[in-house]
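*Asks:* My questions all concern the structure below.
Residue numbers (my numbering): 48 to 806.
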């Protein structure tokens, strides 16, 4: 293809972008995972795709300096046209469906099934929405209107939801993905089934082990989270740069010696747990996409589905970790939690084409190679979906077999996990091209569409006569289309599904929708049976305003505050007990205090305006709240360095900033998008994190004193070229700074280096 043809493809894609609302499931990170899956076939040490607990947030260019993150190696055999298109996809977040509609006829393997002789959209819908599918779809729509979380009563209902999504894409883009996805959930050579005795999770550490050490910073107290670095007080456990090994490092007063490693072949490790004498490794395996002659197929999007693995190693002999149990589930690893002796594993399972098969194993998640029951699948609130969030529970003392499992049909849902409930939340764009009016107008025999039915005089799609299905307590915009008939994608809502968990058992509990979008999982919090949320709402001009909502255990609205901080949006939040704090920003940083003591009448009781903003908030002892964010010019809002703030919140109605410091020349920190990247050890008065700026990457350690404010105790260059964010781990009076294969130890008394190790 010539450069002129390249530009034509890009221009066509840009034209498609102008009025299209791109779902989060098709943003660059999700597409990048698909590209990387193909690259595994020719790379013996594949690049790692992180599996973070929340979606990685895009660093704002106006106030953050991008850090150099190695991109996956490009496969030479990929058609140049696809690479050009993919570059636009990764840069601008174009959905896979849009890419298919433009490039499908160009020999890239992205077919235009459903359309005949160039006939777009509605012809494909007629093929997809058969009478049987429409009957099931009507049942799904009715279930979505009922209170509570609706489980599927048949595999047909599940398939209908997935097919309805394909029909939506056919209408939007004139075609659907045509190649069949082979769903696999088999155990590879690197994770063979093990029939040995159960792992002793409660086994004590060896005599003389040190118990004084830091742990991973978690979202919910008492609910453990996996990470790339862990310690049991005696050893360090470190994920290696190749993403296939977890190294065990012996540490004695800061002097380090590598002991052994646990290796997982044919998969990319995301993170792990260390509990007692067990190492629980969570990874994603991308099955080979080789075709019969050994060459990598051009059909990158429709390759076999990824598989999430949980491999458990016995650490009785730390020098020789022994594989003790393995388990698998469909989809790429997303996140996990450790609570009350059970590991809850989450994966995202994307279904690209359902029309190719009626076998449930091809479109329903599998656990240990077996499709889950239809009653374990929860239907989507908006009738259609193209992927699942899969959650399985494994007993820590018998991790080779799941105790229970559920799957939530969604569109790339994100997670907040409290001490006893799982909340799956996702953004819904107003008027998601409701397929139901069209589904009700297709005649059974002739297969023709009646454009005048249901008031759709031009055959366009809008909301059903009864309105949006599954509405929760907070109503959204009245229509999907603006007065001029153009698609209105500006008004967004948040769908919330609630699942309870206890003792390994998972059950659906409730669902709802609220106006606005959540900044992160810190903007949603459960306390004393109530769910509190802080959201940002946008109008059709993308003007913003903020709101606070309080929902009861059934996710019914009981209290709210609306119309807060016009033309600003939420940057961070920390909801603690009866009081909540959240930060919005435009030119200055308003820190709002909310009184939740009466859930039915939440009140704004304080508002502090200071320059800059805090991206992350963390309690720091009684009456103090630590903020990590950016300094900014009070007049222009232009940012100027990473900023630490200490707020006195002893009186929530009169919050004050009692200390601050700005790190000049430092323009970004991983803490902004990954709370596990910060070490906050208040009893030892340690605030540790890495920052990026003019001098590269630096690990900073600060302390706080009420009389003198912040003191910088350490600023050391971070070694190692890993894709992983650095971690600071304290064992006794020694700080270990870890980035991939590089580990450095420092005395917390002198802040002098003790030792360094390249594993």
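Where a beta carbon is used, it is the ideal one built from N, C-alpha and C, also for glycine.
All values derive from a computational prediction rather than experimental measurement.
Does DSSP classify residue 353 as helix, strand or coil?
*Replies:* coil
*Asks:* Which word fits residue 301, buried or exposed, when buried means at least 16 other C-beta atoms lie within 10 angstroms of its C-beta?
*Replies:* Flag for residue 301 reads buried.
*Asks:* For residue 719, which beta-bridge partners are listed by DSSP?
*Replies:* None, per the DSSP bridge assignment.
*Asks:* Going along the chain, which residues of its own chain have a beta-carbon closer than 6 Å to the beta-carbon of residue 687, five neighbours each way excluded?
*Replies:* 678
*Asks:* How should residue 594 be labelled, buried or exposed, when 16 other C-beta atoms within 10 angstroms of its C-beta is the threshold for buried?
*Replies:* buried
*Asks:* Look up residue 412 in the DSSP assignment and say whether it is helix, strand or coil.
*Replies:* coil
*Asks:* Measure the CB-CB distance between residue 596 and residue 602 and report whether it falls below 8 Å.
*Replies:* no
*Asks:* Tell whether a beta-carbon distance below 8 Å holds between residue 377 and residue 396.
*Replies:* One thing to note: residue 377 has its Cβ within 8 Å of the Cβ of residue 396.
*Asks:* Pull up the CB-CB distance for residue 562 and residue 584, whole angstroms please, since I reckon it's below 8 Å.
*Replies:* Taking C-beta atoms under 8 Å as the contact rule, residue 562 and residue 584 qualify, at a distance of about 5 Å.
*Asks:* Taking buried to mean at least 16 other C-beta atoms within 10 Å of its own C-beta, is residue 194 buried or exposed?
*Replies:* Burial call: exposed.
*Asks:* Spatial neighbours of residue 693 within its chain, please: C-beta separation below 8 Å, excluding the five flanking residues on both sides.
*Replies:* 667, 671, 672, 673, 674, 704, 705, 706, 707, 751, 756 and 757
*Asks:* Do residue 638 and residue 572 have their C-beta atoms closer together than 8 Å?
*Replies:* Against a cut-off of 8 Å, the Cβ pair of residue 572 and residue 638 comes out as no contact.
*Asks:* Under a Cβ-count criterion, where at least 16 other Cβ atoms within 10 Å of its own Cβ denotes burial, should residue 559 be classed as buried or exposed?
*Replies:* buried
*Asks:* State the Cα-Cα distance for the pair residue 406 and residue 598, rounded to the nearest angstrom.
*Replies:* 39 Å
*Asks:* Output the boundary residues of the alpha helix (DSSP H) element that contains residue 183.
*Replies:* 178-192
*Asks:* Identify, in the order they occur along the chain, each residue of the same chain with its Cβ nearer than 6 Å to the Cβ of residue 613, setting aside the five sequence neighbours on each side.
*Replies:* 592
*Asks:* Pull the bridge partners of residue 738 from the DSSP assignment, please.
*Replies:* 745
*Asks:* Find the nearest neighbour of residue 789 within the set 217, 280 and 288, judged by alpha-carbon distance.
*Replies:* 288
*Asks:* Do residue 213 and residue 402 have their CB atoms nearer than 8 Å?
*Replies:* Yes. Within cutoff.
*Asks:* Using C-beta distances below 8 Å, list every residue in its chain close to residue 576, excluding the 5 sequence neighbours before and after it, in chain order.
*Replies:* 599 and 600
*Asks:* Would DSSP call residue 329 helix, strand or coil?
*Replies:* strand
*Asks:* Among all the DSSP beta bridges, which residues are the ones paired with residue 557?
*Replies:* 545
*Asks:* Which same chain residues end up closer than 6 Å to residue 781 when comparing Cβ atoms and leaving out the 5 residues on each side of it in sequence?
*Replies:* 301 and 792
*Asks:* Rounded to whole angstroms, how far is the Cβ of residue 424 from the Cβ of residue 411, which I believe are closer than 8 Å?
*Replies:* Approximately 7 Å separates the beta-carbon atoms of residue 424 and residue 411; this is inside 8 Å, confirming the contact.
*Asks:* Let's test the definition: count the other Cβ atoms within 10 Å of the Cβ of residue 796 and tell me whether it reaches 16, buried, or not, exposed.
*Replies:* exposed
*Asks:* I'd like to check one pair, residue 464 with residue 365: are the Cβ atoms closer than 8 Å?
*Replies:* no
*Asks:* From the DSSP output, in three-state form, read off residue 699 for me.
*Replies:* helix
*Asks:* Taking all protein chains shown into account, do 16 or more other C-beta atoms lie within 10 angstroms of the C-beta of residue 741, making it buried, or fewer, making it exposed?
*Replies:* exposed
*Asks:* Helix, strand or coil for residue 667, going by three-state DSSP, please let me know.
*Replies:* coil
*Asks:* Given a threshold of 16 other Cβ atoms within 10 Å of its Cβ, counted over all protein chains shown, does residue 338 qualify as buried or as exposed?
*Replies:* With a pLDDT of 40 at residue 338, under the threshold of 50, the modelled position of that residue is not reliable, and the figure given next carries that caveat. The Cβ neighbour count for residue 338, taken over all protein chains shown within 10 Å, is under 16; the residue is labelled exposed.
*Asks:* What first and last residue would you give for the beta strand (DSSP E) that runs through residue 764?
*Replies:* Residues 756-764.
*Asks:* What residue from 550, 549, 570 and 298 has the CA that sits closest to residue 543's CA?
*Replies:* Taking only the C-alpha atoms, the option nearest residue 543 is 570.
*Asks:* State yes or no: is the C-beta of residue 276 within less than 8 Å of the C-beta of residue 774?
*Replies:* Yes; because the gap between Cβ atoms is below 8 Å, this pair is in contact.
*Asks:* What number of angstroms, rounded off, separates the C-alpha of residue 553 from the C-alpha of residue 545?
*Replies:* Between residue 553 and residue 545, the C-alpha separation is close to 10 Å.
*Asks:* Between the Cα of residue 388 and those of 701, 549 and 452, spot the shortest distance and give me the residue it belongs to.
*Replies:* 549
*Asks:* Residues in its own chain within less than 6 Å of residue 806 by CB, not counting five upstream and five downstream?
*Replies:* Cβ-Cβ distances below 6 Å link residue 806 to 294, 305 and 788 in the same chain, with the five nearest sequence neighbours on each side left out; the list follows chain order.
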